[in-house]
Amino acid sequence: MRAIQGVLESGWLTLGPKTLEFERIFAEASDCKYGVAASNCTASLFLGLYGLEVEKKSLVVIPANTFAATASAVRFYGAEPIFCDVASNGNVDVEKLGEILEKEENVDCLIPVHLYGFPCDMKEITRLSRKYGLKIIEDCAQAQGASFNGRKVGSFWRCKLLQFLRNKKHYDWRRWNVTDKPRSS
Ligand SMILES: Cc1ncc(COP(=O)(O)O)c(C=O)c1O
Numbered sequence: 049m050r051a052i053q054g055v056l057e058s059g060w061l062t063l064g065p066k067t068l069e070f071e072r073i074f075a076e077a078s079d080c081k082y083g084v085a086a087s088n089c090t091a092s093l094f095l096g097l098y099g100l101e102v103e104k105k106s107l108v109v110i111p112a113n114t115f116a117a118t119a120s121a122v123r124f125y126g127a128e129p130i131f132c133d134v135a136s137n138g139n140v141d142v143e144k145l146g147e148i149l150e151k152e153e154n155v156d157c158l159i160p161v162h163l164y165g166f167p168c169d170m171k172e173i174t175r176l177s178r179k180y181g182l183k184i185i186e187d188c189a190q191a192q193g194a195s196f197n198g199r200k201v202g203s204f205w206r207c208k209l210l211q212f213l214r215n216k217k218h219y220d221w222r223r224w225n226v227t228d229k230p231r232s233s
């Protein structure tokens, strides 16, 4: 309560020292160098696409099973979502992903969504992204703190999005965090 009172009395209700502290602690907990707090996930997806300079009018592969915002942010940014079928755990099917990338020439970015707390197969997704020279934005909205092969989801590429939403794993306030640059890079 004292911490909350401190914020209220500081005059900084949105940006300010506590936000900077939150960004630093959250990035650290996510094995990333930097963190940027944003208003919501749709804004974070847009910022991710913008920050990585994803080609306008290019194709962005997203899983067929995700929240609508994954697709609408891509459309709003000015690229075109292309849907990849999912495996039995709800995450992108990497075999189908390989088939799409073999066929489509205009893909610039992949957005794997770590759904229901399950990490995507980041080993295969990273391999495919290298093979085809693609950017990755990890959507960790539903999987903050989850790991793949001992490594935190979101630390595999330069941009990940994390969300605190009441119906997700963490019961916290509604705020997104865009992190950049895995610690290991
Ligand atoms: C995987 C995923 N992506 C994007 C969103 C959109 O988040 P927001 O409503 O904060 O913009 C959600 C929200 O539930 C989500 O679960």
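Residue numbers are given in this note's numbering: position 32 of the sequence shown equals residue 80, and the series is strictly consecutive. Beta carbons are placed, not taken as given, at the ideal position from N, Cα and C, and that holds for glycine.
Under DSSP, Cys157 shares a beta bridge with Val108 and Lys183. Non-local beta-carbon contacts of Tyr98 in its own chain, meaning distances under 8 Å to residues more than five positions away in sequence, involve Tyr125 in chain order.
Annotation: Tyr164 is outside any alpha helix (DSSP H) and is labelled neither H nor E by DSSP. Gly138 carries a coil assignment under DSSP once its states are collapsed to helix, strand and coil.
Distances taken from the Cβ of Asp133 to the heavy atoms of ligand 1 include none shorter than 7 Å. Distances taken from the Cβ of Asp156 to the heavy atoms of ligand 1 include none shorter than 7 Å.
Ser195 carries a strand assignment under DSSP once its states are collapsed to helix, strand and coil.
Secondary structure note for Glu57: its alpha helix (DSSP H) is the uninterrupted segment Arg50 to Ser58. The region 55-66 and the region 150-163 do not touch, with fewer than 3 CB-CB distances between them shorter than 8 Å. Phe70 is bridged by DSSP to nothing; it lacks a bridge partner. A Cβ-Cβ contact shorter than 8 Å links Ile185 with Ile159. Closest in C-alpha terms to Val122, from the list Cys89, Val142, Gly54 and Ala189, comes Cys89. Judged by the Cβ position, Asn139 fails to qualify as a neighbour of ligand 1 at the 7 Å threshold, every heavy atom of the ligand being at least this far. Beta-bridge annotation (DSSP): Pro129 is paired with Val108.
Counting only the Cα atoms, Asp187 lies some 21 Å from Thr67.
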